[in-house]
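> In our numbering, the protein residues as written are 97 to 268. The structure's right below; bear with me while I get my questions together.
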């Protein structure tokens, strides 16, 4: 006979709805796929013991959300240019991870992109970003750039000639 006081069985509720009953095994992770996470900003989790025995012990709960993979990534030259800028100036902005333009609600801070496929970088604002040294040559590869703000940094050297070749650049 099983000693109910030793069981770690509980029911998981999400926003008041019964998701599933779980029976934990010692040092064994559990994955619970669910489609109840398709909308909403927040979730309320409740873990209720099934028996009068031990309460649930949880070290962590991780929730993953699948992003729409159908969006085409940033044009390769633009993405490479941005990564070159990030590396050269050691940009440590939290949002500067992954693709600069996609998904659209997670574009890099200071970056605006076109809505075409593939997305192109049209605006770059790195004002007051602590940039030091010469202007990055990789800026020349942002051929759709219309707006570039590098003010309030410690850039040195002359203005590079490649900026004159950026045909769409309207504001420097």
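Even for Gly, the Cβ is constructed at its ideal location relative to N, Cα and C.
To the nearest angstrom, how far is the alpha carbon of residue 251 from that of residue 223?
So the two alpha carbons sit approximately 11 angstroms from each other.
> For residue 141, which three-state DSSP category applies?
Residue state, collapsed to three classes: strand.
> Determine contact between the stretch 181 to 190 and the stretch 209 to 217, defined as no fewer than three beta-carbon pairs at a distance below 8 angstroms.
The answer is no - the stretch 209 to 217 does not touch the stretch 181 to 190, with fewer than three Cβ pairs under 8 angstroms.
> Check whether the Cβ atoms of residue 256 and residue 231 sit closer than 8 angstroms, and answer yes or no.
Going by C-beta atoms, residue 256 is nearer than 8 angstroms to residue 231.
> Taking a contact to mean a Cβ-Cβ separation below 8 angstroms, would you say residue 217 touches residue 190 in this structure?
It is not a contact, given that the beta carbons lie outside the stated cut-off.
> Should residue 237 be labelled buried (16 or more other beta-carbon atoms within 10 Å of its own) or exposed?
Buried is the call here.
> Please report the residue range of the alpha helix (DSSP H) in which residue 208 lies.
Looking at the DSSP string, residue 208 is not in any alpha helix (DSSP H); the run it does join, the beta strand (DSSP E), is 207 to 209.
> At the level of alpha carbons, what is the spacing between residue 158 and residue 248?
The straight-line gap from Cα to Cα measures roughly 40 angstroms.
> Check whether the Cβ atoms of residue 199 and residue 169 sit closer than 8 angstroms, and answer yes or no.
In this structure, residue 169 does not lie closer than 8 angstroms to residue 199 by Cβ.
> Output yes or no for whether 8 angstroms exceeds the beta carbon distance between residue 116 and residue 146.
No, the pair does not count as a contact, with Cβ atoms beyond the cut-off.
> For residue 181, report the span of its beta strand (DSSP E) as first-last.
No beta strand (DSSP E) holds residue 181; the alpha helix (DSSP H) holding it covers 172 to 185.
> Nearest to residue 151 by alpha carbon, out of 225, 118, 127 and 246?
Out of 225, 118, 127 and 246, 118 has the C-alpha closest to the C-alpha of residue 151.
> Use the C-beta contact count for residue 268: other C-beta atoms within 10 angstroms, 16 or more gives buried, fewer gives exposed.
Exposed is the call here.
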